[in-house]
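Since the structure comes first, as structure tokens, the remarks are kept for the end.
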Amino acid sequence: MGVLSVKPSGILIEYCFSFFQILFKKPLSPKGAVEIDSNEHIYAHPDYTEKLQDPKVFGIKTIYEAILHGLKLAGDRPLFSTRQASNQPFKSHTHKEVFQIIQEIGSGIIHTGLKPSNETFVGIYGSSSMDYAFCLYSTWPYSMIPIGIYDSLGQDGVKFIIRQTDVELIFADNLQRVKNLIEWKDSTLALKTIVSVLELTDELIKLAEEKKLNLLTLDKIREIGRNNPAKVVPPKSSDTAVIMYTSGSTGEPKGCVITHESFMCALFGLVIAVDIMKSLKTKETPRVLNYMPLAHMFGCGTIVGVTYLGGEIGFWQGKVDKLPDDFHDFQPNLLTMVPRLLNKLYDKVRSEFRKKGLLGRILFRLIVTSKLAMIRRGNFAQNTIWDKIIFNRIRQSFGGKVTRVISTSAPLSREVCAFSRAAFSCLFIEMYGQTECVIGCSQTPSDIESGETGIPTALNHIKLVDVPEKEYYAKDGVGEICIRSPAVFKGYLKDEAKTREAIDEQGWLHTGDIGRWTLHQTMRIIDRKKNMYKLSQGEYVAPEKIEDVYARSRFISQIFVYGDSFESCLVAIVVLNDGFVKKWAQTEGNNVETIVAPESNTKLKQTVLEDMNHEGK
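Dropping the structure here:
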């Protein structure tokens, strides 16, 4: 992405014009949270200090009703769109077609012997795709409960989920995952049926027969359902809508039980926060490109929300290197982003300016600062000289139609957030949440401070509690973030002890995150209560567990692991086991002093890394 050559005189004129605009117009004042209980330090959205927003005003109680609402609004308009390659157009299915397909799949599931009830689990083992969404949506008309299964949990984590839920039917999106499920089948797993998205091989069919497993394809189960339609069994608002498993922390995965009521309350909180209802009055239905895992709450919530609003969801090709093509060609107007992507965009553009030397560095800072100052005053103009220099091409690379950007999963650094706001020149909102509460707080349209996560949504309260071991006290406006809301999860599946740890007797969810109220009463995340890091892609990691695993390496005497929420990976400092290194050097025919010397220790470092990776598998 090259930097446009512009005459210095043009830049000077534009800068002077921007300066006078900034000088004579006051900045927007962000909405701050309001303390409604000074004893408990409870805060609420300023528009909902008397009571929370009543979700009944939306008239939608379940995800199934949300699907029907979208069908009523936009039956003949596209809902799901996808393609197999960048040189192909997106192929779309309308709301009506999607509704027909999910009824066929759901009926096919029931024909395998499963009951259409809220006690039936259906597993989905795969990556985000249109087929995944079909399988997900097929459960809700029949009150069944979908369970997302993903590889980053590790083999033990995947097996644990299958075992804990006693799931009898699992969809798998590729043949390797089908094979894994067949090979894992033993007397401890209730698994009976595997549905492959792809055509099956003779080898897999034979393996399944040996394990006495029923093996079908997605096309076949649709055909079965088409020929044997089942009566819809709509869920109740109190029924479980989905089990979302958390990953990345110590121990086994925890299954968060999310009811239809909780899911929809979280969804309406999100819709209000991003002010998307106003756009519907101008007939601007949301279009979002989905690349986020549908086994995670935000990815799942986003596509259900767009469905409810009568919008369209495009699905990426499943390849990171093709994601820019998908953004450009699908032309979303609602952009859901994670810090990793925004970090890459920032690094790429900044490096282009730095190639121009000192003048390029100064120009980069001038462009971002000037543009951000205009945005602070409510001016989202996209025709300034700064846009001509670089920002227009950034927006065009995302299709040129973006009107809203939501950043979630982990905090953004101030620099990246400021640049991103300037680049997109539209409503840009950072949100904070967890699987257990979906959205805890969110910035409002008038809040453009970088590195902050806003205020409570219209459907929840927030309070801070003391963390004396870290010298954080709620009276000082800092402490552990606790959330109370109808959107909070009901507990962890089959784990009452951990549920009681997470939700206290008054119904407050203890998040484990440390927050601080800023001077204008918005939330900033500053720490974790426990020794755990949340990386930029949203994954929680416990350093002690990682240290324990890698310390098993024969080469290591001591190891220290460190993480940062603005980075996507961890770093480690390793102290070698001198005794073992000496033995290893002798077997390699090398002198110890030579092999550990900085100028010749490449082989040693590579060997240590390989041994660490071996222990980590």
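Its first residue numbered 1, the sequence shown is counted upward by one per residue in full-length UniProt numbering. Glycine residues also receive a C-beta, built at the ideal position from the N, C-alpha and C atoms.
Measure the alpha-carbon distance for residue i versus residue j and round it to whole angstroms.
| i | j | result |
| --- | --- | --- |
| Asp387 | Thr522 | 30 Å |
| Leu309 | Tyr291 | 19 Å |
| Phe24 | Asn379 | Residue placement at Phe24 is flagged as unreliable, the pLDDT there being 43, under the threshold of 50; a coordinate-derived value is accordingly withheld. |
| Val349 | Arg524 | 27 Å |
| Ile573 | Gly563 | 12 Å |
| Phe428 | Trp584 | 55 Å |
| Ser187 | Glu436 | 32 Å |
| Ser152 | Tyr245 | 11 Å |
| Glu610 | Arg554 | 12 Å |
| Tyr472 | Leu71 | 49 Å |
| Leu323 | Glu199 | 26 Å |
| Cys135 | Thr193 | 14 Å |
| Thr607 | Val581 | 11 Å |
| Thr369 | Thr403 | 21 Å |
| Glu496 | Arg361 | 55 Å |
| Met374 | Gly477 | 31 Å |
| Tyr346 | Ser420 | 8 Å |
| Phe298 | Val438 | 7 Å |
| Ile149 | Gln434 | 18 Å |
| Lys530 | Ala502 | 13 Å |
Should residue i be labelled buried (16 or more other beta-carbon atoms within 10 Å of its own) or exposed?
| i | result |
| --- | --- |
| Asn227 | exposed |
| Asp131 | buried |
| Ser138 | buried |
| His614 | exposed |
| Lys254 | buried |
| Leu558 | First, the amino acid is wrong: residue 558 is Gln here, not Leu. The residue in question, Gln558, is exposed, as its Cβ has fewer than 16 Cβ neighbours within 10 Å. |
| Phe560 | exposed |
| Pro468 | exposed |
| Cys265 | buried |
| Ser351 | exposed |
| Ser238 | exposed |
| Glu430 | buried |
| Asn383 | exposed |
| Gln103 | buried |
| Gln176 | exposed |
| Leu335 | buried |
| Thr408 | buried |
Would you give the residue range spanned by the alpha helix (DSSP H) that residue i belongs to?
| i | result |
| --- | --- |
| Leu427 | Leu427 -> not in any alpha helix (DSSP H); beta strand (DSSP E) instead, spanning 427–432. |
| Glu35 | Glu35 -> not in any alpha helix (DSSP H); beta strand (DSSP E) instead, spanning 34–37. |
| Ile145 | Not the alpha helix (DSSP H): Ile145 falls in the beta strand (DSSP E), residues 145–149. |
| Gly305 | 297–308 |
| Glu415 | 414–424 |
| Thr165 | 154–165 |
| Ile394 | 392–397 |
Quick check on DSSP: helix, strand or coil for residue i?
| i | result |
| --- | --- |
| Gln558 | strand |
| Trp584 | helix |
| Leu341 | helix |
| Pro78 | strand |
| Phe134 | helix |
| Leu190 | Inspection of the sequence shows that residue 190 is occupied by Ala rather than by Leu. Here Ala190 sits in coil by DSSP. |
| Asn180 | helix |
| Ile613 | First, the amino acid is wrong: residue 613 is Asn here, not Ile. Helix, per DSSP. |
| Lys322 | helix |
| Lys463 | strand |
| Ser370 | helix |
| Asp564 | coil |
| Val478 | strand |
| Met523 | strand |
| Lys510 | Residue identity differs from the one stated: residue 510 is His in this sequence, not Lys. In this structure, His510 counts as strand in the three-state DSSP scheme. |
| Pro543 | helix |
| Ser238 | coil |
| Glu50 | coil |
| Arg484 | strand |
| Trp517 | strand |
If you follow the beta strand (DSSP E) that residue i is in, where does it begin and where does it stop?
| i | result |
| --- | --- |
| Thr259 | 254–259 |
| His93 | 91–94 |
| Ser407 | 404–407 |
| Ala44 | 42–44 |
| Gly314 | 312–315 |
TODO: Kindly confirm or deny that the region 215–226 and the region 99–112 touch, where touching means at least three C-beta pairs closer than 8 Å.
DONE: Taking a cut-off of 8 Å for Cβ pairs, the region 215–226 and the region 99–112 touch, as three or more such pairs fall below it.
TODO: Could you tell me whether the region 251–265 touches the region 488–495, using the rule of 3 or more Cβ pairs below 8 Å?
DONE: yes
Task: Touch test, the region 153–168 against the region 117–126, Cβ-Cβ under 8 Å, three pairs minimum - done: yes
Open item on the list: Check whether the region 412–419 and the region 392–402 are in contact - that is, three or more C-beta pairs closer than 8 Å.
Closed with: With a cut-off of 8 Å, the region 392–402 and the region 412–419 do not count as touching, because too few Cβ pairs lie within range.
- [ ] Would you be able to state if there are at least three C-beta pairs under 8 Å between the region 309–324 and the region 78–93?
- [x] yes
Open item on the list: With a threshold of 8 Å, are at least 3 pairs of Cβ atoms found where one atom belongs to the region 477–487 and the other to the region 452–463?
Closed with: yes
TODO: Tell me, please, whether the region 139–148 touches the region 50–69 by the rule of three or more beta-carbon pairs shorter than 8 Å.
DONE: Flag = yes, the region 139–148 and the region 50–69 touch.
TODO: Kindly confirm or deny that the region 85–103 and the region 200–217 touch, where touching means at least three C-beta pairs closer than 8 Å.
DONE: no
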